[in-house]
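Asker: Here the sequence shown stands for residues -23 to -1, 1 to 270, where the numbers follow mature numbering (1 follows the signal peptide of the UniProt record, and there is no 0). We treat Cβ as the ideally placed atom computed from N, Cα and C, and that holds for glycine. From a predicted model like this one, the values you see are computed outputs, not experimental measurements.
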Amino acid sequence: MEMGKSLVVALAVVVAAMAVVKADDVPITDKDLESEESMWSLYQRWRHVYGAASSSPRDLADKGSRFEVFKKNARYIHDFNRKKGMSYKLGLNKFADLTLEEFTAKYTGANPGPITGLKNGTGSPPLAAVAGDAPPAWDWREHGAVTRVKDQGPCGSCWAFSVVEAVEGINAIMTGNLLTLSEQQVLDCSGAGDCSGGYTSYAFDYAVSNGITLDQCFSPPTTGENYFYYPAYEAVQEPCRFDPNKAPIVKIDSYSFVDPNDEEALKQAVYSQGPVSVLIEASYEFMIYQGVG
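Pasting the structure below:
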């Protein structure tokens, strides 16, 4: 399926599907950019931090081409961060030896799906913003509705992560029980996409019809319950292993859309409903984003 280069995250307000960025661990100085030797030393320091976790191949045959990409990204990051008045900074995160084309091919490809005529008819019309209801700031992490940051790995399954995070959030808000649910189940069983991208609305349809169970890595908060665990996330699509004879842990009744490009509507939805599944443009600067300036 042909999809735009978008990345799906769950807004809580917090990015939930991307890897934890430790760009501060590899700072760039003017001296690092003075020569090929100093740049190579910087690259080696970066490899020491991200070598095993990096998104690109680690074999020696690819090392030279990776270094060329790394140099270009490092110079851009250094020049960008010297600009005055910028609201954010870039950094040498785990994607720093990828080109934008490689990054988008591996991590993006999300699509919201059709707003009308959904597969199972479970979607509702767009939510309208209610002016004045939401406070200036609201963070569902502070209210126990967001699980730990997860890493989708080398698989374009951001659409599955975003849907699962949103379901985790509304379940925690409604029940007071924060559970870590299975992205692998949605990737394997929903039919909404694969590691090349997917449709969030179809994944929500699956959650309505089938529910989502616990991730195998999760320890339940109570004992004595007969919990069903789906195998832990593998960053690859596998045949569905969900047991339909066992009740799912969490089901939702329906879902709604928020009007696109409407910040007030999004703010109201996050405050009044809970974490929201959103699509954002996966640009070059997003790939090497470090944080608020």
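#1: Can you check the region 95 to 174 for any alpha helix (DSSP H) of at least 4 residues that lies completely inside it and give the ranges in chain order?
#2: Would you kindly work out how many angstroms separate the C-alpha atoms of THR177 and GLY121, rounded to a whole number?
#3: Out of curiosity, what's the CA-to-CA distance linking LEU10 and PHE263?
#4: Excluding the five sequence neighbours on either side, which residues of its own chain have a C-beta within less than 7 Å of the C-beta of GLU211, listed in chain order?
#5: For a quick check, are the C-beta atoms of ARG218 and TYR206 less than 8 Å apart?
#6: Put PHE263 into one of helix, strand or coil per three-state DSSP.
#7: Quick check on GLU211: does DSSP put it in helix, strand or coil?
#8: List the endpoints of the continuous alpha helix (DSSP H) containing ILE54.
#9: Looking at ALA111 and GLN250, is the spacing between their C-beta atoms short of 8 Å?
#10: What is the DSSP secondary structure of SER64, reduced to helix, strand or coil?
#11: Between the Cα of TRP115 and those of VAL247, ARG125, VAL141 and THR124, spot the shortest distance and give me the residue it belongs to.
#12: Please classify SER64: is it buried, with 16 or more other beta-carbons within 10 angstroms of its beta-carbon, or exposed?
#13: Who are ILE189's beta bridge partners in DSSP?
#14: Could you check the C-alpha separation between GLY62 and PRO131 for me, to the nearest Å?
Answerer: A quick look at the data gives this:
#1: Fully enclosed alpha helix (DSSP H) runs of 4 or longer: 135 to 152 and 160 to 166.
#2: Near 24 Å, if we compare the C-alpha coordinates of GLY121 and THR177.
#3: Rounded to the nearest angstrom, the two C-alpha atoms are 22 Å apart.
#4: A distance below 7 Å between beta-carbons, with the five flanking residues on each side excluded, links GLU211 to the following residues of its chain, in chain order: GLN161.
#5: No. Outside cutoff.
#6: DSSP places PHE263 in helix when its eight states are reduced to three.
#7: Per DSSP, reduced to three states, the secondary structure at GLU211 is coil, with no helix or strand assignment.
#8: For ILE54, the enclosing alpha helix (DSSP H) covers residues 40 to 58.
#9: No, the Cβ-Cβ distance between GLN250 and ALA111 is not below 8 Å.
#10: In this structure, SER64 counts as coil in the three-state DSSP scheme.
#11: Distance from the Cα of TRP115 is smallest, within the candidate group VAL247, ARG125, VAL141 and THR124, for VAL247.
#12: By the neighbour-count rule (16 or more Cβ atoms within 10 Å), SER64 is not buried but exposed.
#13: Looking at the DSSP output, ILE189 bridges to VAL227.
#14: C-alpha separation (whole angstroms): 34 Å.
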